[in-house]
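Single-structure report; data block below.
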Amino acid sequence: MAEDQQALFQQAMNRHQANDLPAAEALYRDALAADPHNLDIQYLLGTALLQQSRFRDAANLLQKVTVARPDVPDAHNNLGVAYKALGEWEPAMRAFQAAIKANPEYSQAFFNLGAVMDERRLPADAEKCYEKGLELAPGDKQMRVALAEALGRQQKWEAAEACYRQLSADEPDNPDLQVRLGFVLVRQDRLDEAIEQFQKVLIAKPDYHEIHNNLGYIYERQGRLDEAVAASERALELYPDYAEGHNNLGTALKSLSRLDEACDSFRQALVLLPDFPLAEFNLGTTLLLQGDLAAGWPGYDRRGDTLDVPPVTYGKPRWDGSPLDGRTILLAAEQGLGDTIQFIRYAPLIQQTAGRVILHCPRPLAKLLDGCGGIDQLIVKDDELPDFDIEAPLLSLPRILETTTETIPADVPYLTADEKLVARWQKWRANIDGFTVGICWQGNRDYPRDSERSPQLATFAPLAAILGVKLVSLQKGEGCEQISEVEFDVVQPGDDFDGTTGAFMDTAALMKNLDLVVTSDTAIPHLAGALGVPVWVALPFLPDWRWMLDREDSPWYPSMRLFRQPTAGDWETPFANIATALQDLVNNTAQ
Numbered sequence: 270m271a272e273d274q275q276a277l278f279q280q281a282m283n284r285h286q287a288n289d290l291p292a293a294e295a296l297y298r299d300a301l302a303a304d305p306h307n308l309d310i311q312y313l314l315g316t317a318l319l320q321q322s323r324f325r326d327a328a329n330l331l332q333k334v335t336v337a338r339p340d341v342p343d344a345h346n347n348l349g350v351a352y353k354a355l356g357e358w359e360p361a362m363r364a365f366q367a368a369i370k371a372n373p374e375y376s377q378a379f380f381n382l383g384a385v386m387d388e389r390r391l392p393a394d395a396e397k398c399y400e401k402g403l404e405l406a407p408g409d410k411q412m413r414v415a416l417a418e419a420l421g422r423q424q425k426w427e428a429a430e431a432c433y434r435q436l437s438a439d440e441p442d443n444p445d446l447q448v449r450l451g452f453v454l455v456r457q458d459r460l461d462e463a464i465e466q467f468q469k470v471l472i473a474k475p476d477y478h479e480i481h482n483n484l485g486y487i488y489e490r491q492g493r494l495d496e497a498v499a500a501s502e503r504a505l506e507l508y509p510d511y512a513e514g515h516n517n518l519g520t521a522l523k524s525l526s527r528l529d530e531a532c533d534s535f536r537q538a539l540v541l542l543p544d545f546p547l548a549e550f551n552l553g554t555t556l557l558l559q560g561d562l563a564a565g566w567p568g569y570d571r572r573g574d575t576l577d578v579p580p581v582t583y584g585k586p587r588w589d590g591s592p593l594d595g596r597t598i599l600l601a602a603e604q605g606l607g608d609t610i611q612f613i614r615y616a617p618l619i620q621q622t623a624g625r626v627i628l629h630c631p632r633p634l635a636k637l638l639d640g641c642g643g644i645d646q647l648i649v650k651d652d653e654l655p656d657f658d659i660e661a662p663l664l665s666l667p668r669i670l671e672t673t674t675e676t677i678p679a680d681v682p683y684l685t686a687d688e689k690l691v692a693r694w695q696k697w698r699a700n701i702d703g704f705t706v707g708i709c710w711q712g713n714r715d716y717p718r719d720s721e722r723s724p725q726l727a728t729f730a731p732l733a734a735i736l737g738v739k740l741v742s743l744q745k746g747e748g749c750e751q752i753s754e755v756e757f758d759v760v761q762p763g764d765d766f767d768g769t770t771g772a773f774m775d776t777a778a779l780m781k782n783l784d785l786v787v788t789s790d791t792a793i794p795h796l797a798g799a800l801g802v803p804v805w806v807a808l809p810f811l812p813d814w815r816w817m818l819d820r821e822d823s824p825w826y827p828s829m830r831l832f833r834q835p836t837a838g839d840w841e842t843p844f845a846n847i848a849t850a851l852q853d854l855v856n857n858t859a860q
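In terms of my numbering, the sequence shown opens at residue 270 and continues consecutively.
So this is what it looks like as structure tokens:
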């Protein structure tokens, strides 16, 4: 490089170091005009363009540098940063991997590669990148925060907590780290510890609106609803345009059954933050609970955007309800087993215009759904995907088909029990005298509000006291330990119940041989309803949206009757009402 060219290049670098990027760019371009093949100038010009957020220009120039100089890790890394900013994940990933190949101890490249994995919703891969980065740079706090977040996205809350505790120990006066630690405690249901953690922050920062909002969330989870409202309102006093605060206030109001006010709060959150999936979902489920299905389905369709790990998609266009015209559609089951049982009712409707209907369902339900109408092919996780044209989440079908309470496809049964198993359980049932009532009381304890929906087995005592009634357990796993604790008899179908036959296979066959099913809100009422079996459901004061309000029947299941708590936590009243109705049914059956 000639002396005058070197001087020009030095001027450019001086302006670059002074962060005068436009001047540096102009000088780099002058230097490059004099020496067009100089890779150092090209690299620094590309970096200046990157720093000015001119990502495409930066990527084009840095790509040339990396081809000519594949051994320069910074060039690959900066190229990756440009591609990442453009949302081009695959080339970004390749660039960061090339930077690591050129320098295996390049911690920043591991961080950037982890960030791309996060964007691609691959938190386990992101975790590995951050772990490696921390091996190389143990004091990198940004890397440790990113690792904690990746762990959280995998629900590895204990490991995430350890990260935040280490960070908090290094920066005890950093309120944001203290808040993140409190949030991780919440996710582990250590609510009292989380309250203590947040209140520590309030001592130093009493006007920290996010903390008041977080406390409102916890109080609502604990059923301290008036305190939840007060905490959320305090957050909004401090920051009236706080969308998350309006959403939390709406949640507390909903729990108090002040549903119109709750909807107003959710709508205000969406005014302030239009792309707020959780507020849309909360508004949608509240409208569904009120029976306004048409208004509620769009918000309910945001459910996937509220999850730590969104549902899997399959790379084909999402069905929008337009005519299928013989195309093959893949229906993707999601959420709980009861949800799949409830919404598989739509398959026959879809099949009327589709060429083929493929169901991708949880492995435990494969046997039960194998003979379900409307399904041409059933596949489970790890099966090779067959050819198909279009896809739809199973729980989005009501929105796509514009379902109202009047148009719910409620022809039952739409599931059938295995005939051989029905015959086997008929013989078993023949050994039991009296009016047989299948019962289930305990839902999945991992469900956030399971304590509200799951009564204790002891609450079934009024049913057991009716002369001639025999209670038969349909409970499996959690909750079965309560059978030995009650003072009334519960007939148990055996340790292998649903074991070798497959999930719900014995349950379905046994239900067909019972006189009645009485259950809390688990998958059991969905199975009974889909089979057309008489089923009575004991519901909490504020039930799941699908049971709506102020009605004793369900438009989803004609054979179902609903018994509701009049106030939160009162199981005595619905079970007394069930006992009265059961006594009448037994009397009428005996006549």
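Even glycine gets a Cβ: it sits at the ideal position worked out from N, Cα and C.
Bridge partners - residue i, DSSP secondary structure assignment
i: W805; result: V787, R830
i: A708; result: Checking the displayed sequence, the identity of residue 708 turns out to be Ile instead of Ala. Beta-bridge pairing links I708 to S742, V787.
i: S823; result: Y826
i: V760; result: V741
6 Å Cβ shell around residue i - same chain, five flanking residues per side excluded
i: P682; result: L800, G801
i: Q761; result: S742
i: Y312; result: V334, A344
i: P444; result: V470, K474
i: S376; result: G402, L405, A406
Distance CB(residue i)-CB(residue j) smaller than 8 Å
i: A778; j: D687; result: yes
i: G519; j: N483; result: no
i: W805; j: R815; result: no
i: V385; j: M362; result: yes
i: L562; j: T674; result: yes
i: A776; j: D767; result: According to the sequence provided, residue 776 is Thr. The question's Ala does not apply to it. Yes, the pair counts as a contact, with Cβ atoms nearer than the cut-off.
i: P794; j: M817; result: no
i: A415; j: L637; result: no
i: C225; j: I677; result: Because the chain is modelled from 270 through 860, residue 225 falls outside the range shown and cannot be assessed.
i: A393; j: Q423; result: yes
i: L296; j: L277; result: yes
i: I610; j: A792; result: yes
i: R596; j: A564; result: no
i: S534; j: L522; result: yes
i: Q491; j: L460; result: yes
i: A848; j: P717; result: no
i: Q274; j: A300; result: yes
Span of the alpha helix (DSSP H) around residue i
i: D461; result: 460–473
i: Y297; result: 290–303
i: I735; result: From DSSP, I735 is part of no alpha helix (DSSP H); its letter is neither H nor E.
i: M774; result: 774–780
i: G798; result: 792–800
i: N516; result: 512–524
i: A317; result: 308–320
i: S720; result: 719–722
i: Q286; result: 272–286
i: S501; result: 494–507
i: R714; result: First-last for R714: undefined, no H or E at that position.
i: F766; result: Neither: F766 is in no alpha helix (DSSP H) and is coded neither H nor E.
i: Q447; result: 444–456
i: G553; result: 546–558
Residues of its chain near residue i, where Cβ-Cβ distance is below 8 Å and the 5 sequence neighbours each way are ignored
i: K469; result: Q447
i: H710; result: Here residue 710 turns out to be Trp, not His, going by the sequence shown. Same-chain partners within the cutoff: S723, P724, Q725, L726, T728, F729, Q744, G748, Q751, T788, S789.
i: M780; result: A686, G707, L743, V786, L796, A797, L800, V802
i: W588; result: I598, I659, E660, A661, I669
i: E427; result: Q457
i: A371; result: P339, D340, V341, P342, H345
Sequence-distant residues of the same chain with beta carbon closer than 7 Å to residue i, five excluded per side
i: S524; result: E489, L494, L811
i: E496; result: Y488
i: A635; result: L647, V649
i: A504; result: H478, H481, N482, G485, Y511, G514
i: A351; result: L319, F324, A327, A328, L331
i: Q466; result: Q447, L450, G451, L454
i: P360; result: Y352
i: T575; result: P546, L547, F550
i: L348; result: A328, L331, Q332, T335, A364
Residue ranges of each alpha helix (DSSP H) within the region 575–661, 4 or longer
606–612, 616–620, 635–638
Taking the runs of the alpha helix (DSSP H) that are 4 residues or longer, which of them lie wholly in the region 344–418?
358–371, 376–388, 392–405
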